[in-house]
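Residue numbers (this note's numbering): 75 to 325. Worksheet for the structure shown next.
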């Protein structure tokens with residue numbers, strides 16, 4: 075799609091495992107209720123605001139290219155019955171409980187959202203009610219908000235790290251918890267772990283220092299925010315050790 079070209083109104087897009095590239099610039103929100111079927115390569119080329127509902131049916135992959143998918147104001151990402159959505163390299167913004175916040179919606183108990191190199195940003199407390207599966211490095215930007223593992227929810231971290239970022243709310247940080255009466259489950263598989271984002275600052279600081287020389291081995295994945303830079307002075311060897319370096323889209 076060209077810049078600012080979007081689907082207006084409600085409808086169904088049967089992609090049949092084909093690729094859909096969105097434009098790089100949008101001045102208006104995607105406001106309709108749109109169902110995407112078998113979108114195996116839906117690609118963002120810039121930040122997108124969704125105030126309607128995007129429903130993904132079948133097997134689906136959304137590649138963000140480091141862009142922001144902003145659900146602020148009531149946008150919804152919904153996964154259909156028995157369907158799955160793989161989110162890669164994207165920031166999902168504006169999540170929270172209430173009609174003015176973005177939602178992740180699951181149409182059945184076997185519907186799944188998988189994440190890799192993804193940041194989920196919360197603007198309010200949020201109740202997870204389905205399967206969220208971290209298959210690659212994932213950041214929960216909680217700030218001072220809580221993530222509640224509600225009934226039928228399953229938070230799984232498989233062979234990777236789920237990072238908790240308190241942003242500027244370190245004095246009153248949010249947390250992840252399961253209410254006593256809830257049937258929700260948190261599962262760590264294959265060495266999966268949940269850690270505070272402060273633990274990865276060592277790798278970040280060594281990459282954005284003014285004296286990047288010699289051998290560097292990453293102990294975690296690193297996201298360079300707009301304005302941060304890597305300055306190479308002399309010969310440098312960076313061993314990712316299974317981690318990645320992500321350059322965020324300034325938009």
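From the three backbone atoms N, C-alpha and C, an ideal C-beta is built for every residue, glycine too. On a predicted model such as this, the values are computed, not experimentally measured, just so you know.
Checklist entry - In three-state terms, what does DSSP make of residue 273? => result With a pLDDT of only 48 at residue 273, under 50, the local geometry of the prediction cannot be trusted, and no value is derived from it.
Checklist entry - Under a three-way DSSP split, which group does residue 322 fall into? => result The DSSP-derived three-state label of residue 322 is coil.
Next on the checklist: So, at 8 Å on beta carbons, what are the nonlocal neighbours of residue 265 in its own chain, with the 5 sequence-adjacent residues on each side left out?
Outcome noted: Excluding positions up to five away in sequence, the list reads 233.
Item to check | Three-state class that DSSP yields for residue 185 in the structure shown | outcome: Coil at residue 185, not helix or strand.
Item to check | Integer-rounded CB distance, given that residue 119 should sit under 8 Å from residue 95 | outcome: The distance from the Cβ of residue 95 to that of residue 119 is about 6 Å, consistent with a contact at the 8 Å cut-off.
Checklist entry - Does the Cβ of residue 127 have 16 or more other Cβ atoms within 10 Å, making it buried, or fewer, making it exposed? => result The residue is buried, with at least 16 neighbouring Cβ atoms inside 10 Å.
Item to check | Selection from 191, 317 and 204 that minimises the alpha carbon distance to residue 177 | outcome: Among 191, 317 and 204, the Cα nearest to that of residue 177 is on 204.
Next on the checklist: Let me check one thing: in DSSP terms, what residues is residue 297 bridge-paired to?
Outcome noted: Residue 297 is bridged to 320.
Checklist entry - Would residue 213 pass as a contact of residue 237 if the rule is Cβ separation under 9 Å? => result Pairing residue 213 with residue 237 gives a Cβ-Cβ distance under 9 Å.
Checklist entry - Going by other Cβ atoms of all chains shown within 10 Å of its Cβ, with 16 needed for buried, is residue 227 buried or exposed? => result With 16 or more other Cβ atoms from the protein chains shown falling within 10 Å of its own Cβ, residue 227 counts as buried.
Checklist entry - Taking the alpha-carbon positions, what's the residue 164 to residue 318 distance? => result If I take the Cα positions, the gap works out to 14 Å.
Checklist entry - CA-CA distance, residue 312 and residue 304? => result Taking the straight line from one Cα to the other gives about 12 Å.
Next on the checklist: Taking the straight line between their C-alpha atoms, what separation do you get for residue 148 and residue 206?
Outcome noted: Approximately 20 Å, taken between the alpha carbons.
Checklist entry - Near residue 151, what residues of its chain come up, given a Cβ to Cβ distance below 6 Å and the 5 sequence neighbours on each side ignored? => result Hits under 6 Å: 128 and 178.
Checklist entry - Whose C-beta lies closer than 6 Å to the C-beta of residue 114 among residues of the same chain, with five residues either side of it excluded? => result Apart from sequence neighbours up to five positions away, the residues of its chain that approach residue 114 with a beta-carbon distance below 6 Å are 91 and 135, ordered along the chain.
Checklist entry - Rounded to a whole number of angstroms, what is the C-alpha to C-alpha distance between residue 121 and residue 100? => result Distance between the alpha carbons of residue 121 and residue 100 is about 8 Å.
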